[in-house]
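Residue numbers (my numbering): 11 to 138.
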């Protein structure tokens, strides 16, 4: 029996998106909104932390960094995009391909950082 190889990805997110991930049983990312044609998972924890802390907190009062594994063979169909410095790397997944992307997530999506540290996506989501 061979186990498939996985690649760890990171996703900075706000409380509303995270509540939808939780509602999926921590198994998938929600559909993009009409003004969000691309889903952007990132390749480094540091980049995800920067976005969650510096963008999500000002926009929604809190930010979260998630970690999840995706089938490496599936990801080979996408190019890594360098959008800034050497460590600013992400995948660009078209919104219409997100259901297939979700089908290639291995295991659960997990929250690994919160900004501020006491942030609770359930409590924050009630105030939207």
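Where a beta carbon is used, it is the ideal one built from N, C-alpha and C, also for glycine.
As the structure is a prediction and not an experimental result, all values here were calculated from the model.
Taking every protein chain shown into account, the CB of residue 68 has fewer than 16 other CB atoms within 10 angstroms, so this residue is exposed. Residue pairing from DSSP places residue 20 in a beta bridge opposite 52, 77.
From the listed residues 92, 38, 25, 88, the smallest Cα separation to residue 124 is found for 25. Under DSSP, residue 116 forms a beta bridge with 79. The Cβ atoms of residue 117 and residue 79 lie closer than 8 Å to each other. When secondary structure is reduced to three states using DSSP, residue 93 falls in the coil class, being assigned neither helix nor strand. Per DSSP, residue 106 is not a residue of any beta strand (DSSP E), being assigned neither H nor E. Exposure of residue 86 is indicated by the presence of fewer than 16 other C-beta atoms within 10 angstroms of its C-beta. Look at residue 27 here: in three-state DSSP terms it is helix.
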